[in-house]
Each structure stands twice: as C-alpha cells, then as structure tokens.
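**Q**
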Amino acid sequence: MDRFLIRGGRVLSGEVKVSGAKNAALPILAAALMVPGKVRLENLPYLNDVTTMLQLLGRMGVGVLLDDTGSVELDASSLKSVIAPYDLVRTMRASIVVLGPLLARAHEAEVSLPGGCAIGARPVNLHVKAMERLGVEFEVTDGYIKGRAPRGLIGGKVLFEKITVTGTENVLMAAVLAKGESIIENAAREPEVTNLANCLVALGAKIDGIGTDTLRIKGVDALRSGSHRIIPDRIEAGTFLVAAAATAGSCTLTEVEPKHMDATL
880 MDRFLIRGGR VLSGEVKVSG AKNAALPILA AALMVPGKVR LENLPYLNDV
930 TTMLQLLGRM GVGVLLDDTG SVELDASSLK SVIAPYDLVR TMRASIVVLG
980 PLLARAHEAE VSLPGGCAIG ARPVNLHVKA MERLGVEFEV TDGYIKGRAP
1030 RGLIGGKVLF EKITVTGTEN VLMAAVLAKG ESIIENAARE PEVTNLANCL
1080 VALGAKIDGI GTDTLRIKGV DALRSGSHRI IPDRIEAGTF LVAAAATAGS
1130 CTLTEVEPKH MDATL
C-alpha cells in the first residue's frame, strides 16, 4: 500500500494558495443537474472525488468543460440518465448528494449506496426519511436507493433528528423545485451548506434563513443559468497554519476566508 515517509525537525515557512473546498464543491456540482442550462463554477479543487463527480455528471448527460484556471462550465440542458452507478461512486461517499437534484429535476433517481452498504449502516436513512416528507417514494434493492415522485415534489416540513450536512444539502436542493414552501429544522450551518444555499439563490432559488438552523424554501418552477465561486477549504488552511505553528515557522495563506476559521484561530 502507498505510504508517506516524513522526516521532521525542519521549520516550515512560505506562502500557500488555499484550494477550493471539496466539501463545498461536490454538492454544488450536483446542483448543476437542476439547471436546464449552463452553470459556471470557479475555484474548483482538482481532487479524485471532484473528478469522479464530473465523470458522473458527464455520464448523466451533462456537458463538462474544464479550463486551466480552476473553473468548469456545466451544461445540463438535457439529462440522459438518472442513475449513479456503483462502478463510479463506490469510493465516493458524497455521491448521495445527487439524489435530491435528480428527484427535483427528473422526479426519479437511482443512486448506488457508497460501498454497496446497507441503508442503515450510514446516515443515508436521514436523507430518505427527510425526502419522504416531500412526497418521494423509496425502495432499496441490490445496493441502490431508488426514489420516485410521480407527481413531483411537494413542499413539507423536515426536522432532522440529528444534524447532517449532506442530508441538509440534499433536502435543500430537492425543496428548491418542490411545489409550495418547505421548512428544514435542525439544519446544518457549516460554511459549505451556506455556500451551496448562496449558489442556489444565484441560480434563482428562494431561500430564507441561510446560515441558521432553520431554512425556509419557496419552490420555484425552474432555475436559471449563472455562475458561482467555491469557498476556500478551511480544513486545508487550518492544516498549513497548524504545521507552521508546530514547527515555529511562518506561513502566509492566500485565497482564505478568516470568518470560516474561528475555531482554528
């Protein structure tokens, strides 16, 4: 197996440009499935999970155009598949975030459980219970979650029994195109959730309470084309800060958002 061999005892110093946050990028990439047009995203990190998500979107019929500046243009004018197959998502736990967008756009979705695990083995059941409140019917067969909403999604009230970031993101995206108003209580408040909500608003969604634990969403008929910038990765930034401090070094970070790093600072 691969391993890192680290020879310590050196002072670490220098300047680092912080990458875009993977945990913000993945749900925002998935959100592009909801837009019958083009979405441009900036500050995209180049990581395996991001590459896998782009491959998954491409297999679903989304046009993907990457450039060398860390930006991507996605065109989901038409979808040709609502299936997230095991061979693509087996190593990407965040693959579940395509469930909400697919149900919102196509009213059906078939997503492989990460690792082929049973539904109770991870908090995926929180996603299912929450989206059932929006009128989705689910079955789990052969390692896949299959969801259908023949009459479309209907606004409802969701109270998470425990805080879940991806659960909040999934229901938020689904509710954006649901009929009527939806309320999400005990919602996650992480910066990545806020970044997703702000992206959705830029694309035409109506969301109140962004940054709080109660989100109110008024469903819209459709989202529109637009652009958005992925927030910097606070975990990466914190890692470099701690490394510099631990070695009595000096580190300058660029492309960082200090307000997202209160706990670290």
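Residue 987 in my numbering sits at position 108 of the sequence shown, with consecutive numbering throughout. For every residue, glycine included, the Cβ atom is placed at its ideal position computed from N, Cα and C.
1) CA-CA distance, residue 938 and residue 1040?
2) For residue 1137, does the count of other Cβ atoms within 10 angstroms reach 16, so buried, or fall short, so exposed?
3) Please classify residue 1017: is it buried, with 16 or more other beta-carbons within 10 angstroms of its beta-carbon, or exposed?
4) Is residue 1139 helix, strand or coil by DSSP?
5) Would you please state the rounded distance, in angstroms, between the beta carbons of residue 957 and residue 940? I believe it to be under 8 Å.
6) Take the Cβ of residue 990 as the centre, count every other Cβ of all protein chains shown within 10 Å, and call the residue buried at 16 or more, exposed below.
7) Tell me which residue opens and which closes the beta strand (DSSP E) that residue 1062 is part of.
8) Buried or exposed: where does residue 1151 fall if 16 or more other Cβ atoms within 10 Å of its Cβ makes it buried?
9) Are three or more beta carbon pairs between the region 1054-1074 and the region 884-899 nearer than 8 Å?
10) Are the CB atoms of residue 1104 and residue 949 within a distance shorter than 8 Å?
11) Do you know whose CA, among 1125, 1113 and 959, lies nearest residue 1133's CA?
12) I need the DSSP call for residue 1024, collapsed to helix, strand or coil.
13) Out of curiosity, what's the CA-to-CA distance linking residue 1027 and residue 1079?
14) When DSSP labels each residue in this structure, what does residue 1099 get in the three-state scheme?
15) CB-CB under 6 Å to residue 1024, same chain, minus the five flanking residues each way: which ones, in chain order?
16) Would you mind working out which of 1049, 947, 1058 and 953 sits nearest residue 1071, comparing C-alpha positions?
17) Check whether the region 1043-1058 touches the region 1077-1094, taking contact to mean three or more Cβ pairs, one atom from each stretch, closer than 8 Å.
18) How many Å lie between residue 901 and residue 1029 at the Cα?
19) What is the C-beta distance between residue 912 and residue 984, in whole angstroms, given that I count them as a contact (C-beta under 8 Å)?
20) On the CB-based measure, 16 or more other CB atoms within 10 Å of its CB, does residue 885 come out buried or exposed?
21) Which residue marks the beginning of the beta strand (DSSP E) containing residue 1036, and which one marks its end?
22) Classify residue 1129 as buried or exposed, calling it buried when 16 or more other Cβ atoms lie within 10 Å of its own Cβ.
23) Using 8 Å as the threshold, is the C-beta distance between residue 1166 and residue 1009 below it?
24) Buried or exposed for residue 1091, going by 16 or more other Cβ atoms inside 10 Å?
**A** If we stick to the structure as given:
1) For the purposes of this step, residue 938 is taken as the residue at position 59 of the sequence shown. For the purposes of this step, residue 1040 is taken as the residue at position 161 of the sequence shown. Cα-Cα distance, rounded: 34 Å.
2) Position 258 of the sequence shown, counting from 1, holds the residue named residue 1137. Looking at its Cβ environment, which holds fewer than 16 other Cβ atoms inside 10 Å, residue 1137 is exposed.
3) Indexing the sequence shown from 1 puts residue 1017 at position 138. Result: buried.
4) Here residue 1139 refers to the residue found at position 260 when the sequence shown is read from its first residue. Three-state result, residue 1139: helix.
5) Along the sequence shown, one-based indexing puts residue 957 at 78. Along the sequence shown, one-based indexing puts residue 940 at 61. The Cβ separation is near 6 Å, so the contact holds.
6) For this step, residue 990 is matched to residue 111 along the sequence shown. So residue 990 ends up on the buried side.
7) As a first step, residue 1062 must be located in the sequence shown, where it is residue number 183. Taken as a continuous stretch (DSSP letters only), the beta strand (DSSP E) holding residue 1062 covers 1060-1064.
8) Because the chain is modelled from 880 through 1144, residue 1151 falls outside the range shown and cannot be assessed.
9) no
10) Numbered from 1 along the sequence shown, position 70 holds the residue referred to as residue 949. Numbered from 1 along the sequence shown, position 225 holds the residue referred to as residue 1104. No, these two residues do not count as a Cβ contact at 8 Å.
11) Translated into positions along the sequence shown, residue 1133 becomes position 254. The shortest C-alpha separation from residue 1133 is found at 1113.
12) Taking the first residue of the sequence shown as 1, we reach residue 1024 at position 145. Three-state DSSP puts residue 1024 in a strand.
13) Start at 1 with the first residue of the sequence shown, and residue 1027 comes out as number 148. Start at 1 with the first residue of the sequence shown, and residue 1079 comes out as number 200. Approximately 23 Å between the Cα atoms of the pair.
14) The residue given as residue 1099 occupies position 220 in the sequence shown. It is coil, neither helix nor strand.
15) Taking the sequence shown and counting its residues from 1, the one referred to as residue 1024 is at position 145. Correct list, in chain order: 990.
16) Reading the sequence shown from its first residue, position 192 is the one you call residue 1071. Nearest C-alpha to residue 1071: 1049.
17) yes
18) Within the sequence shown, residue 901 is the residue found at index 22, counting from 1. Within the sequence shown, residue 1029 is the residue found at index 150, counting from 1. Distance between the alpha carbons of residue 901 and residue 1029 is about 33 Å.
19) Numbered from its first residue, the sequence shown carries residue 912 at position 33. Numbered from its first residue, the sequence shown carries residue 984 at position 105. Their Cβ separation, rounded to whole angstroms, is 6 Å, which keeps residue 912 and residue 984 in contact under 8 Å.
20) Indexing the sequence shown from 1 puts residue 885 at position 6. That one is exposed.
21) Position 157 of the sequence shown, counting from 1, holds the residue named residue 1036. Per DSSP, residue 1036 belongs to the beta strand (DSSP E) from 1036-1038.
22) In the sequence shown, counting from the first residue as 1, residue 1129 sits at position 250. By the 10 Å Cβ count, residue 1129 comes out exposed.
23) Look at the range of the chain in this structure, 880 to 1144, and you will see that residue 1166 is not part of it.
24) Numbered from 1 along the sequence shown, position 212 holds the residue referred to as residue 1091. When all chains shown are included, residue 1091 counts as exposed.
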